[in-house]
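Quick notes on the structure that follows.
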Amino acid sequence: MSAKSSNARLSRLLKLIPFLQKNSGASVEKTAQLFGISEKELISDLNLIWLCGLPGYSHLELIDVSYDSGFISIANAETLERPMRISFQEGAALLLAITKLSEVTPHTDSGTLLSLRNKIASLLALDLPQNSEMPLEDQGSLILPEIQSVIESSGSLLDIEYFSATLNENLSLRIKPMEIQSRNGFLYLIGYSLSDHRHRFFRMDRVLKVESVDGEVTGGSRDINGPESAIVSIEVDEKGAWFMQKWGLDSLKRDPHRNVFTGSVTVYDPRWLERAVLASGGTLRVLTPDSHRAQVALAATRTLQKYR
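Just so we're aligned, residue 205 is where the sequence shown starts under the working numbering, counting upward by one.
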């Protein structure tokens with residue numbers, strides 16, 4: 205059975221059960237005609253309903269269907285006494301999700317989300333402005349279509365103005381944009397910086413301005429997992445759980461005897477790893493590779509010397 209026919213059958217079953225509850229004794233022939241299916245298809249649906257019910261799946265929980273006399277009776281189906289509808293809580297959650305999704309959707313594609321939002325709002329009897337635009341909360345959402353256009357065209361670069369939270373200043377950079385990624389609730393622009401010839405991550409809500417320019421990259425690669433990146437194995441104490449929540453770890457394992465977690469993270473900029481370890485206050489440790497471990501140790505030594 206194809207996905208399309210399966211969906212159609214599910215929709216029919218969800219309507220059929222409430223109909224039979226309100227029309228006990230309906231004939232097989234008339235019911236099949238009403239739903240636009242053959243009697244054979246209706247019998248197949250009734251046999252499937254007989255296998256449905258609440259967890260437990262005994263005769264006490266399964267729906268009871270009888271049609272031997274040519275007339276249909278149904279019992280123990282009170283949980284489906286009306287066609288399925290989303291609850292207010294479910295609808296509200298969907299509206300919140302649509303609003304959040306609109307923040308990372310190109311402005312030109314927001315019409316679909318607006319239409320979906322209005323349909324859900326009407327089901328919930330909410331009075332929302334029918335023609336209002338979806339909210340775009342940050343500049344990153346507004347410039348996302350332009351960045352995506354440059355990524356799709358292989359011959360363009362971007363001049364960007366970016367706020368660096370680490371340096372607390374705005375930076376002007378020329379980059380080769382490579383892709384947009386979603387990580388831990390934020391969108392990131394990954395690109396090759398022509399200023400310092402390395403791959404960098406830029407949080408989209410901190411990208412203040414972009415301008416497309418013609419040019420070619422004289423170094424670097426479109427492969428963000430190229431030789432400049434490294435898979436770093438780290439160990440995290442339970443007190444350093446914030447790191448896992450913020451950045452995530454691949455191949456995550458827990459040592460219950462030592463109360464530590466181990467995993468790996470892809471590092472594109474060793475200086476980022478240095479800052480993360482130093483900021484962890486000893487709850488984060490680099491295991492491998494040795495080169496990154498030594499670099500972090502050197503950074504820690506230099507930092508300690510400033511307090512002597």
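Just so you know, even glycine gets a beta-carbon here, dropped at the ideal spot from N, CA and C.
Legend entry - Where D400 falls: helix, strand or coil (DSSP): Coil at D400, not helix or strand.
Inset, instruction - Leaving aside the five residues before and after I324 along the sequence, list all residues of the same chain whose C-beta is less than 8 Å from its C-beta, in chain order. - result: Cβ within range, chain order: I290, G295, L298, L299, I302.
Inset, instruction - Report the three-state DSSP secondary structure of L266 (helix, strand or coil). - result: It is a strand residue.
Inset, instruction - Within its chain, find whatever has a CB closer than 7 Å to the CB of L151; leave out the 5 residues flanking it on each side and keep chain order. - result: This structure gives no information on residue 151, because the portion of the chain shown stretches from 205 to 512.
Inset, instruction - Would you mind stating whether R497 and L491 have Cβ atoms separated by less than 9 Å? - result: Cβ atoms of R497 and L491: closer than 9 Å.
Inset, instruction - Compute the distance between the beta-carbons of H403 and Y392, then report whether it is under 9 Å. - result: No, the pair does not count as a contact, with Cβ atoms beyond the cut-off.
Legend entry - Contact check, I347 vs V411, beta carbons under 9 Å: Closer than 9 Å, so yes.
Legend entry - Buried or exposed (CB count within 10 angstroms, at least 16 for buried), E478: Label assigned to E478: buried.
Inset, instruction - Starting from the C-beta of V471, find all residues in its chain whose C-beta is less than 6 Å away, skip the five residues before and the five after it, and write them out in chain order. - result: Setting aside the 5 residues that flank it on each side, V471 is surrounded in the same chain by A434, V436, L477, each with a C-beta closer than 6 Å to its C-beta; the list follows chain order.
Inset, instruction - Count the C-beta pairs between the segment 452–467 and the segment 500–507 that are closer than 8 Å, then say yes if the count reaches three, no if not. - result: Verdict: no, contact absent.
Inset, instruction - Identify every run of the alpha helix (DSSP H) within the segment 440–478, keeping only runs that are complete inside it and at least 4 residues long; order them along the chain. - result: Those alpha helix (DSSP H) runs which fall completely within the segment 440–478 and span 4+ residues are 445–451.
Inset, instruction - Label T198 either buried or exposed according to how many other C-beta atoms from any shown protein chain fall within 10 Å of its C-beta, with 16 as the threshold for buried. - result: The structure shown does not extend to residue 198, since the chain spans only 205 to 512, so no value can be given for it.
Inset, instruction - Indicate the three-state DSSP secondary structure (helix, strand or coil) for T492 in the structure shown. - result: T492 sits in a strand when the DSSP states are folded into three classes.
Legend entry - Rounded distance between the beta-carbons of I278 and Q225, thought under 8 Å: Right, their Cβ atoms sit about 6 Å apart.
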